[in-house]
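Undergrad: Each residue of the sequence shown is one higher than the last, beginning at 5 in my numbering.
Even for Gly, the Cβ is constructed at its ideal location relative to N, Cα and C.
All of these numbers come straight from a predicted model, not from anything done at the bench.
I have a structure here, written as structure tokens, and I will follow up with some questions on it.
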Amino acid sequence: MLNKKIAVLVSGGGTNLQALIDAEKRGELGSGKITCVISSKADAYALERAKNAGIKTKTLIRKDFADIASYSVAMRDILLEEEADLVVYAGFMTILDENVCDAFKNKMINVHPALIPSFCGKGFYGLHVHEAALQKGVKVSGATVHFVTAECDAGPIILQKAVEVKEGDTPETLQRRIMEQAEWKILPLAVRLFCDEKIKVENGVTVITE
Ligand code: GAR
């Protein structure tokens, strides 16, 4: 199987990127190889993690563009130039439009820190997701890896993992537990399944053949 080039999109701390880098080092991304990390923010610590791992970095700052359409076109052009076979949103906080989603249909995946369809969609990102989960009083939350479509957090679900909510949790403690027990595991696993061509989408639902 030919190597698959993976472009990872980031905006922040990059712990999910680190989980992917570490998985690749352990040989756990199948035929996948992270070839480029693109940040929407100049000061994202994720860029340091990429540089430390010897991975090419680019920045595409949202504020440098008038609107989401022009930003999306610029992102699409970079991804095409990079010949990305797979695009991974790893804590990427900008919603890209159909200019990207159509060009990379069923080739972009996102990790979301809740069990979709709970606590997802516009406005549900980062700690806000965990604040909403605690406010609702759910006893179980978790993470979801799904294909990206132009509708936020609505694409076909690939993997999910549930995580217990504990008495006295704060958004920060719940976020950390969900990262450790779910996100850092199911994101590399979904990437491996994609790169090894084990994921099919049929009628808007994924079928995993493993
Ligand atoms: C992660 O919890 C990720 O699931 C979430 O932001 C955090 C980024 O952390 N993403 C979203 O909320 C996207 N809607 P990281 O930069 O350390 O990977």
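For the ligand GAR, is there any heavy atom lying closer than 6 Å to the beta carbon of T98?
TA: Outside the cutoff, so no.
Undergrad: Quick one: what's I65 bridged to in DSSP?
TA: In the DSSP output, where bridge partners are listed per residue, I65 has none listed.
Undergrad: Is the beta carbon of G159 closer than 7 Å to that of V149?
TA: Not closer than 7 Å, so no.
Undergrad: With a 10 Å radius around its C-beta and 16 neighbouring C-beta atoms as the bar for buried, classify T213 as buried or exposed.
TA: Exposed is the call here.
Undergrad: Under the criterion of a Cβ to heavy atom distance below 6 Å, does G36 qualify as lining the ligand GAR?
TA: Incorrect: G36 has no Cβ contact closer than 6 Å to the ligand GAR.
Undergrad: Does the Cβ of A94 lie closer than 6 Å to at least one heavy atom of the ligand GAR?
TA: A94: yes, Cβ under 6 Å from the ligand GAR.
Undergrad: Check this for me: beta carbons of G146 and A186, under 7 Å apart or not?
TA: Going by C-beta atoms, G146 is nearer than 7 Å to A186.
Undergrad: By alpha-carbon positions, which one of L33, E85, V41, G34 ends up nearest to G95?
TA: The option with the nearest alpha carbon to G95 is V41.
Undergrad: Tell me where the beta strand (DSSP E) around S76 begins and ends.
TA: Run containing S76: none in the beta strand (DSSP E); it sits in the alpha helix (DSSP H), 72-85.
Undergrad: Give the list of continuous alpha helix (DSSP H) stretches no shorter than 4 residues that lie fully inside the segment 127-158.
TA: Complete alpha helix (DSSP H) runs here, min 4: 131-140.
Undergrad: In angstroms with no decimal places, state the Cα-to-Cα distance between T39 and V167.
TA: Cα to Cα, T39 sits roughly 31 Å from V167.
Undergrad: Report all residues from its chain with a CB closer than 6 Å to the CB of K204; omit the five preceding and five following residues, and keep chain order.
TA: V211, listed in sequence order.
Undergrad: Note down the Cα distance separating G172 from R181, rounded to an integer number of angstroms.
TA: Taking the straight line from one Cα to the other gives about 13 Å.
Undergrad: Is V115 close to the ligand GAR? I mean its beta-carbon at under 6 Å from any heavy atom of the ligand.
TA: At least one heavy atom of the ligand GAR is nearer than 6 Å to the Cβ of V115, so yes.
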